[in-house]
Structure formats: structure tokens, C-alpha cells
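According to UniProt numbering, the residues represented by the sequence shown are 1 to 375, in order.
We put the CB at the ideal spot given by N, CA and C, even for glycine.
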Amino acid sequence: MKTRIALLREMGKARPYTDSKPLEIVEAELDDPGPGELLIKMAAAGLCHSDLSVINGDRPRDMPVALGHEAAGVVEAVGPYVTRFAPGDHVVLVFAPSCGHCVPCAEGRPALCEPAAVAAGKGALITGSKRISVGGNPVNHHIGVSAFSDYAVVSEASCVKIDKSIPLDQAALLGCAVLTGVGAVLNSGGLKTGQSCAVVGLGGVGLAGLLGAIAAGARTVVAVDLAKDKRDLALKLGATHAINPTEEGAVQKLRDLTGGGVDLAVELAGAVPALQFAYAITRRGGTTVTAGLPNPQAEFKIPAVSLTANEHALKGSYMGSCVPVRDIPRFAQMMVQGQLPIPELMTHRLKLEEINEGFERLAAGEAIRQVVIFD
């Protein structure tokens, strides 16, 4: 069948993206779903820094690639041997599918699925297939999803069924921003009621993490970002304090107001200075979690003795250490109940043809979460 996709042929094009237009909206050929695969009619797809980092070259991928990884849609058709999904099901797409058999999956850590990582590096589905082509030439999938398209073929392992009462534009954010941000706080960080938490970096993922800290009952929630409008939004959403990390004495100020530092600092900016700040504001015996994705060449340095002398825990978090089949329905219910007011993070709704303007807005820091809405 034919479908429109947002195709990236070349990384590192100059900004503004409104002029260079790195993403081309082209007609592609989409194969029928194979064994264990689904055809998804896309409803909504969010613009994320993980997509931007491919566009700007920070996260190299084989070209050409059909971008997009945070999305929700409706099952249009199923391939052979699919038993868990049927046409008409509403699903959230997951950018780290689980094979269910490798060591990380067996340990309950599906975000670290080894076959999924190999397939993503090859631009293939976890089934090993490539189902997109343009002019007869194969196109790489983006981490098994390729959501900036009217239709997509994905592995059933990349989908989680949700209740049909949940608006699909809101559900799209469950697939990345909420999984990564809320999961980093609740799963990776293990934040407990009454503890203190700082979230460093207030994009869509960071503000989702902040909402997770509030929902967990943290007594102190500190929002940290360079941008005043994002700090103001964080306060409106329920943060108890907001700090500009570049202000003179910002680290000491935060340590003073929290009695020596926070129990949990979560870095969600994807920048080494943000991680340095998060580490510096963590109290003795506390935990620093990073779920950002900086350039692979960037290095983070700390005094080695601080890990021992301060019993300081430093943890990475991929996809919020989530188990999607458990956490997506859980976070969806929290959203429905108002514990996670995720719709507050949606600042722009776009047509697919406006996607380059959206990524320029994201690169300029002028948006929280933008969502492409499909007809």
C-alpha cells in the first residue's frame, strides 16, 4: 500500500529547519505485515529530542530513515500468528520492543532487550524485516516505529493495547515522554513519598518526570531549567521551587533550601552540564539518575571518591526502566484520574506537512510537546 512518511535522507542540515527542510514528506510503499507484525493507522505522533538528535547528527543512524517513535494509533490489520491484537484495537507504540527471551527480558528489564537493540541499529523491526521503500529502494525504520507516517508496519512487540476511552493524541505521549520521564523518577529513582526530588531539564520528558514526582508525593520538587517560561510552567504544575542553574550560587542555593541536597536528582536534558548540576545537588546517600541522551562523544567526569565517601548512587535510565505492558496502562490510569495531567504539556498540534517548522521550534526551545495529528 501507499503511505506518506517523513523521510530523513541526510543528517546535520543547517538550521533553521524551516528553510533547510531536513524532513521530506514523500509517498512510500509499505509492505503488508508479516508474521508477528501489525499494520497501524497512525492517529498522533509526538516530536521528541530523540528524533531531533538524529536530524542534527548527535545520534547517527543509517540513512535514509523514516523518523518518529512516540505515537498512538489503531490496528488496521494483523499478520500471521498474531494473537494478542485485532483490527480496531487502540495501541501505544513502544520504541524498545521486547523479545521476551534474552537475559535482560528474562530479568524483567525489557527496555534493554538485546535483539531489539541489534534490530534498531540495523534500521529493522525486531522481526528482522524492513517494510518501507521509496522508489523501490529500502528505507530504514526508526527504532522499530517510524511514526511520522499515515500508516506503519510494526512488530506486535512494539505495541501495548490501551482502553479506547483514552484520547489518542494524549496516549501518544505515553510512548516516550511519560515512559521515560515518569519512569526515571518512579522506577529508576524509586522516589518515595516524603522525599525531595529535583528534575533538571524541563522539556516534555522532564516535565513528565516532574509530574511523576508530584504524583509520588515528594515533599519538595525542584524544577531546574535555563528557560524562565519552563520554570514558570513547572511551578504552575506543582513544583515547590524553580531554579536557573546558571545563576551564581545556584548549587549552594538548592542545597540550602533542601537541607544539604535532594534525595533524588533526575537529569532529563541530555546535556553534560545538566548532569553535572544534578550530581552536585544530590545529598550524601542520595541518587542521581540520568535519562538524557547527549552526543555519544560527550564525557562526564566526577571525583571517584565521592561515590564511596558520600554513598552516592549514579544510575542510567533507558525508557524509564519501564515494563511497557505494565507501566503504560498504569500511567494511562494516572493520567485519566488527573494524577498525571499530561495534556498540560501539549503546546502545539501540527499537520505532517508542518513537521520541519515543529522541529525548528523544538530546537529553539520554544515548545514542550508538539503532536502531529493524522486524519
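Sort D169, V323, F148 by Cα distance to A66 and report the nearest one. Indexing the sequence shown from 1 puts residue 66 at position 66. Comparing Cα positions, the closest option is F148.
Give me whichever residues DSSP pairs with E29 in a beta bridge. Here the question's residue 29 lines up with position 29 in the sequence shown. DSSP, once it has assigned bridges, lists K2, S133 as partnering E29.
Is DSSP giving A239 helix, strand or coil here? The residue labelled residue 239 in the question sits at position 239 within the sequence shown. Three-state DSSP puts A239 in coil, outside helix and strand.
K228 - DSSP class collapsed to helix/strand/coil: One-based indexing of the sequence shown puts residue 228 at position 228. In this structure, K228 counts as helix in the three-state DSSP scheme.
Mind pulling the beta strand (DSSP E) runs of 3 or more residues that sit fully within the stretch 87-136? 90-93, 132-134
Within a Cβ cutoff of 7 Å, which residues of the same chain sit near V154, ignoring the five residues on either side of it in sequence? The count along the sequence shown starts at 1 and reaches residue 154 at position 154. Sequence-distant partners of V154 (beyond 5 residues in either direction) whose C-beta falls short of 7 Å from its own C-beta, in its chain, are E37, L38, I40, L93, L125, G144, V145.
Opposing strand residues paired with K161 [DSSP bridges]: In the sequence shown, counting from the first residue as 1, residue 161 sits at position 161. Its beta-bridge partners are V91.
If you check the beta carbons only, do V185 and A213 fall under 8 Å apart? In the sequence shown, residue 185 corresponds to position 185, counting from 1. In the sequence shown, residue 213 corresponds to position 213, counting from 1. Yes, Cβ-Cβ distance for V185 and A213 is below 8 Å.
Determine whether the beta carbon atoms of L257 and A291 lie at a separation below 8 Å. On the sequence shown, residue 257 is found 257 positions in, with the first residue counted as 1. On the sequence shown, residue 291 is found 291 positions in, with the first residue counted as 1. No, these two residues do not count as a Cβ contact at 8 Å.
V78 (DSSP reduced to helix, strand or coil): As a working mapping, residue 78 is identified with position 78 in the sequence shown. Looking at V78 - three-state DSSP - the assignment turns out to be strand.
Rounded to the nearest angstrom, how far is the Cβ of S50 from that of H69, given a contact under 8 Å? Within the sequence shown, residue 50 is the residue found at index 50, counting from 1. Within the sequence shown, residue 69 is the residue found at index 69, counting from 1. Confirmed, Cβ separation roughly 6 Å.
Backbone secondary structure at Q50 - three-state DSSP: Stepping through the sequence shown from its first residue, residue 50 is reached at position 50. According to the sequence displayed, residue 50 carries Ser and not Gln. In the structure shown, S50 sits in a helix (DSSP, three-state: H, G or I).
Please classify E344: does DSSP put it in a helix, a strand, or coil? Looking up residue 344 in the sequence shown gives position 344. Looking at E344 - three-state DSSP - the assignment turns out to be helix.
Whole-angstrom distance between C48 and K161, CA atom to CA atom: What you label residue 161 is simply residue 161 of the sequence shown in a count that begins at 1. What you label residue 48 is simply residue 48 of the sequence shown in a count that begins at 1. So the two alpha carbons sit approximately 22 Å from each other.
Identify the continuous alpha helix (DSSP H) that holds R326 and give its terminal residues. By 1-based counting over the sequence shown, the position of residue 326 is 326. Residues 324-336.
Spatial distance of R219 from K192 (CA atoms): Locating residue 219 in the sequence shown gives position 219, counting from the first residue. Locating residue 192 in the sequence shown gives position 192, counting from the first residue. Roughly 10 Å between the two C-alpha positions.
D375 - containing beta strand (DSSP E), residue span: Translated into positions along the sequence shown, residue 375 becomes position 375. Neither: D375 is in no beta strand (DSSP E) and is coded neither H nor E.
Can the beta-carbon of I132 be found less than 8 Å from the beta-carbon of L30? Within the sequence shown, the letter at position 132 stands for residue 132. Within the sequence shown, the letter at position 30 stands for residue 30. In contact: I132 and L30 (Cβ atoms closer than 8 Å).
What did DSSP end up calling G57 once you bin it into helix, strand or coil? Here the question's residue 57 lines up with position 57 in the sequence shown. Coil, per DSSP.
Should S158 and S317 be called a contact, given that it needs their Cβ atoms to be closer than 8 Å? Translated into the one-based positions of the sequence shown, residue 158 becomes position 158. Translated into the one-based positions of the sequence shown, residue 317 becomes position 317. No. Outside cutoff.
Assuming contact is defined by CB atoms lying nearer than 8 Å, are C322 and A177 in contact in what I supplied? Residue 322 sits at position 322 when you count from the first residue of the sequence shown. Residue 177 sits at position 177 when you count from the first residue of the sequence shown. Taking 8 Å as the Cβ cut-off, C322 and A177 do not qualify as a contacting pair.
For R4, which residues from the same chain have a beta carbon less than 8 Å from its beta carbon, with the 5 sequence-adjacent residues on both sides left out? On the sequence shown, position 4 is the one that residue 4 refers to. Taken in chain order, the residues that qualify are I25, V26, E27, A28, S149, D150, L352.
Looking only at its chain, what residues have a beta carbon closer than 6 Å to the beta carbon of G73, apart from the 5 residues adjacent to it on each side? Within the sequence shown, numbered from 1, the residue matching residue 73 stands at position 73. Cβ neighbours of G73 beyond the five flanking positions: I40, K41, M42, A43.
Provide the residue span of the alpha helix (DSSP H) that contains D293, from first to last. If you number the sequence shown from 1, residue 293 lands on position 293. Correcting the residue identity first, residue 293 is Leu in this sequence and not Asp. Here L293 belongs to no alpha helix (DSSP H), and DSSP marks it neither H nor E.
On the criterion of 16 or more Cβ atoms from any shown chain inside 10 Å, does T287 qualify as buried, or is it exposed? The count along the sequence shown starts at 1 and reaches residue 287 at position 287. Buried is the call here.
Provide the residue(s) that pair with A66 in DSSP beta bridges, ordered along the chain. As a working note, residue 66 is residue 66 in the sequence shown. Paired residue(s): L7, H141.
So if DSSP puts Q339 in a beta bridge, which residue, or which two residues, is it bridged to? As a first step, residue 339 is located in the sequence shown; it is residue number 339 there, counting from the start. Paired residue(s): none; Q339 is not in a bridge.
Which of helix, strand or coil DSSP assigns to G12: As a first step, residue 12 must be located in the sequence shown, where it is residue number 12. Looking at G12 - three-state DSSP - the assignment turns out to be coil, as it is neither helix nor strand.
Opening and closing residue of the alpha helix (DSSP H) in which G316 lies: For this step, residue 316 is matched to residue 316 along the sequence shown. Not the alpha helix (DSSP H): G316 falls in the beta strand (DSSP E), residues 313-316.
Taking all protein chains shown into account, decide if N244 is buried (16 or more other Cβ within 10 angstroms of its Cβ) or exposed. If you number the sequence shown from 1, residue 244 lands on position 244. Taking a 10 Å sphere around the C-beta of N244, we find fewer than 16 other C-beta atoms and assign the residue as exposed.
For H312 and T282, believed in contact at Cβ under 8 Å, the rounded distance: Looking up residue 282 in the sequence shown gives position 282. Looking up residue 312 in the sequence shown gives position 312. Yes, they are in contact, since the Cβ atoms of T282 and H312 sit about 6 Å apart, within 8 Å.
Just reading off the beta strand (DSSP E) that V153 is part of, what are its end residues? Position 153 of the sequence shown, counted from the first residue, corresponds to residue 153. That run of the beta strand (DSSP E) goes 151-155.
8 Å CB neighbourhood of N56 in its chain, flanking five on each side removed: Taking the sequence shown and counting its residues from 1, the one referred to as residue 56 is at position 56. Excluding sequence neighbours, N56 sits near M11, G12, A363.
Can you give the Cα-Cα distance for A367 and E357, rounded to whole angstroms? Locating residue 367 in the sequence shown gives position 367, where the first residue counts as 1. Locating residue 357 in the sequence shown gives position 357, where the first residue counts as 1. Each residue's Cα considered, the two are about 11 Å apart.
Quick one: is P97 buried, meaning 16 or more other Cβ sit within 10 Å of its Cβ, or exposed? As a first step, residue 97 must be located in the sequence shown, where it is residue number 97. By the neighbour-count rule (16 or more Cβ atoms within 10 Å), P97 is buried.
Beta-carbon proximity of L179 to M319, cut-off 8 Å: Working through the sequence shown from its first residue, we reach residue 179 at position 179. Working through the sequence shown from its first residue, we reach residue 319 at position 319. Cβ distance < 8 Å, so L179 and M319 count as in contact.
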